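This report refers to the structure that appears directly beneath it.
Numbering (this note's numbering), first residue to last: 34 to 974.
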């Protein structure tokens, strides 16, 4: 066939030379054009990659619509607000939503995209398929949607310009768009070519006119460069996680039960959605949040750890299955050369669900457990890779004795302690897959061996150098004991005991309690209840409970231990004396001061007879007796004993020994109670400095010292400085000891008193009311500290003008203090003084004056004429006499009080200023009364 209408050939076609010449020329031109196009495609300018067929760009092969969000997004309000602000702001930018698999990065991006579209932005969704060429096509399609001319795309196709540059030149010129690139978990492959993302010359750039939103498991700022904003997703908080569960299964339980399950699942959205979906199915075996949480312990493999048959071949399925989602990251790490990443993760999963000291993860441990060769560099690389992909956290230290904001740091002699922690579900899934099946016996043997070695190293460290590591080791030791065979049980118990002793020195009572309970249980089971080692362990447990404020429980254990010691070892054995001393100390904490003092007196006598006057235990007993005497109001005798004990401890133990610091602190307290406030404050200041240097700023003894200094500053009238110290101490005690610890309540009470002195009466009253409620709940209504709290609340109410309620509280407190502490105790005298003040405020001036007169007489007899409390009583009596119109006598008392306060407290003390003002008022009243009497005289006739 031909393209001509006639079959007759033209003349030139009959000339074969011409025909073949033309044909040859066409072939040569065609081949030239073919190889020139290949060259252009192979070497595109600026690394632009191969030309992309225009037809494929225009047509595309998959949807670029964002996925629909099927349920309300919970707990991501701050992140959505940040993304929304970037979308609504001027210019564009690039933000990377990053974190471990299962955190809901895609869901967050989809919700942000939906909100951007609702605000009129053009939204394009691109899914990274580990294919740079496909990504190039997707970006070209996105640019085409946003108006990039086909002519410009044709230039890119033919290689005259780089496609990536053509696309981004257009994206930089257009505003109002959002492009999401989802699941970029292999950013090094994005391209084009080998260009890293941080160079901003490839497909991911922060310089467009709209917002480029990337989701990735890679959390490294180095990967994404300095101009990309990183939005690190964290697990959901308990309330938000509970809301996710309730959205999915609204009839599965209460908010509290949903929150408890959310916390158990670590707030991981993938785990929450899996659990919620299961609970929403009517035929599920476990239909409630509580039942599901209980079942996780025995049926984890069925509920969350089950394998999916399609996960190995389809990464989309793997991402949506808890059991497989992290395998994607581990496979990527292995492919990138981090060959120890998976075994190191598995090894960490064998520890408890608590931070692990970084120093424990050594090449020796990795090799001993896994049998794989390991170097320090390889272990470092594995940990860095796991951290980069969000599988491993390195939480900052926030607890006592650790490096972090407000904690120990290199500046005060304690090196930072790095810690490693897995997300609860990452740990659970990894441990589950390791043990089904797995070489866990060899692995656990290596773990236990290294735990024991770590405890030995910590116990041998000088000073407090090992305290932060000891705190981190504590949660992992009970499991170490559980795994010990009968033959190694004694050694394992000794390991726990050694660490508990270190924690005791560190003041880490919560961690110590965990170990003391386990040690006692094992010793009672193995050695029996009457073995001396069992007695020692029970005594140590009781002491730890006392340190945590569990005084009633501690007293019961101490009483039982003392009875057993006296029965088996006899009344004069040093262990018996120590047990009696500890019981007496606990009775002091319970407010039973008189009984405590009698026990301390008896114990001191026995210590001096058996161990001698210079034995450290004898000095401790004398210190404790002095404390008991001070609690009974016998301040002068207490101060003398503390002075003697301090001298002996400095001579025998040295000035920096913690017991010496305790004596110095206690002497300062006694001096303060004697009214020698300036000397007391100086001693407290020196002691606090030494405590911070020797024990660290978070040790309970340091916090007590800071509280005592604040109390001394209050008595010196330095109210603002005192309030600042009390506020700092309260914050630290709540963080370290907990909100219900008696020392924390004491700090709250002290802060309220300081606020009252600063005139913030309403805030002070609220704090006192809250503290009194807690004291009554924790210590009981008759504890001396509870009575003190009630007294302080009454004072605050009085300052607010609620005089009748204040008087009732003062009357009740006085009755209780007379019954519990006795009529001559300084606190009882304080209550009598305060009740008199309240009666004066109610206008019952004569009754108030009588009470003030009686209180002044008792204070002069018990505290002495120069004690600040005595001066306050004289001032208050003078005020009462003024109200009764006895101005002459009132002025004389005010004059005497002012002179004494200037001499004792100084001319600028607030109490001195008050006295000067009161004297001026009394003189004015006296002068006014004199003038009134002159005018009232009858005229003589």
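Think of the CB as a built atom: it goes at the ideal place given N, C-alpha and C, for glycine as much as any other residue.
Source: prediction; values computed, not measured.
By the 16-neighbour rule on beta-carbons within 10 angstroms, residue 111 is exposed.
For residue 160, the enclosing beta strand (DSSP E) starts and ends at 155-160.
By the Cβ rule, the segment 452-470 does not count as touching the segment 478-497, because fewer than three pairs are nearer than 8 Å.
Under DSSP, residue 249 shares a beta bridge with 131.
A residue is called buried once 16 or more other Cβ atoms fall within 10 Å of its Cβ, and residue 747 is buried on that count. The beta-carbon distance between residue 369 and residue 105, rounded to whole angstroms, is 37 Å. This is too long to meet the 8 Å contact definition. Counting only residues of its own chain and dropping the five nearest sequence neighbours on each side, residue 575 has a CB closer than 6 Å to the CB of 587, 590, 591. In this chain, residue 200 is not harboured by any beta strand (DSSP E); it is covered by the alpha helix (DSSP H) spanning 196-206. Here the alpha carbons of residue 282 and residue 152 stand approximately 32 Å from one another. In the structure shown, the three-state DSSP call for residue 453 is strand. Per DSSP, residue 210 is one residue of the beta strand (DSSP E) stretching across 210-215. Around the beta carbon of residue 837, a 10 Å sphere encloses fewer than 16 other beta carbons of the protein chains shown; the residue is thus reported as exposed. Counting only residues of its own chain and dropping the five nearest sequence neighbours on each side, residue 301 has a CB closer than 6 Å to the CB of 135, 268, 458. Residue 790 and residue 828 have their C-alpha atoms spaced approximately 11 Å apart. DSSP links residue 262 through a beta bridge to 128.
Excluding the 5 residues flanking it on each side, residue 762 has same chain C-beta neighbours closer than 6 Å at 736, 739, 740, 780, in chain order. At the C-beta level, residue 265 and residue 132 come within 8 Å of one another. Considering only 786, 750, 774, the residue with the shortest C-alpha distance to residue 760 is 786. If the five residues before and after residue 313 are omitted, its C-beta is found closer than 7 Å to the C-beta atoms of 281, 282, all from its own chain and listed in chain order. Separation of residue 727 and residue 310 (C-alpha to C-alpha, rounded to the nearest whole angstrom) is 55 Å. By the 16-neighbour rule on beta-carbons within 10 angstroms, residue 331 is exposed.
Take the alpha-carbon of residue 816 and the one of residue 422: they are about 54 Å apart. Residues 130, 213, 215, 246, 248 of the same chain have their beta carbon placed closer than 7 Å to that of residue 142, with the five preceding and five following residues left out of the count. One alpha carbon belongs to residue 699, the other to residue 707, and they sit about 12 Å apart.
Following the DSSP letters along the chain, one finds residue 120 inside the alpha helix (DSSP H) bounded by residues 110-121. Shortest Cα-Cα distance from residue 569 to any of 211, 329, 549 involves 549. Looking from the CA of residue 551, the closest CA among 664, 525, 382 belongs to 525.
The secondary-structure analysis by DSSP pairs residue 390 across a beta bridge with 452.
Boundaries of the alpha helix (DSSP H) harbouring residue 724: 710-727, taken from the DSSP string.
For residue 102, the secondary structure class from DSSP, reduced to helix, strand or coil, is coil. A residue is called buried once 16 or more other Cβ atoms fall within 10 Å of its Cβ, and residue 95, having fewer, is exposed.
Taking one beta carbon from each stretch, the segment 833-850 and the segment 884-892 have fewer than 3 pairs nearer than 8 Å; the two do not touch. Residue range 752-769 is occupied by the alpha helix (DSSP H) that includes residue 759. In the displayed model, residue 371 falls within coil according to three-state DSSP, outside both helix and strand. By the Cβ criterion, the segment 117-127 is not in contact with the segment 164-181, since fewer than three pairs of Cβ atoms, one from each stretch, lie closer than 8 Å. Per DSSP, reduced to three states, the secondary structure at residue 598 is helical.
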